[in-house]
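Each residue of the sequence shown is one higher than the one before, counting from 1 in UniProt numbering.
Glycine is no exception: its CB is placed at the ideal position from the N, C-alpha and C atoms.
A quick write-up on the structure given underneath.
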Amino acid sequence: MVSGWVLCCEWTVLPLFQMNGRGTLEHPSGAMYEGDFKDNMYHGTGTYRYPDGTKYCGSFSKNWLEGDGKFTDSQGLVWRHPQQGSSWLET
């Protein structure tokens, strides 16, 4: 594992030690993901926090922000993504 990464997660042995279930992954940059993992990817619901304080809370699919979610920027502006295929809306 790369120095500076911190991982606390549920693992499955087969196939070959994959992150599956709930967990937290801290990046060396200071970014952090807390939520569901599937096949070593962000998948399900979770929160991704960027080093500048910006965060996204909502749905993930194969490491992508997808579906219902809320993005709060470092200035406190909140944007919602109510459903897949729709645009981000300032709230």
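Counting only runs of 3+ residues, the beta strand (DSSP E) found wholly inside the segment 16-43 occupies 18-26 and 32-38, in chain order.
Residue range W64 to T72 is occupied by the beta strand (DSSP E) that includes K70. Counting along the chain, Y56 sits inside the beta strand (DSSP E) bounded by residues K55 to S61. DSSP places Y48 in the strand class (E or B) of the three-state scheme.
Its Cα nearest to that of E66, the residue Y42 stands out among T54, Y42 and H27.
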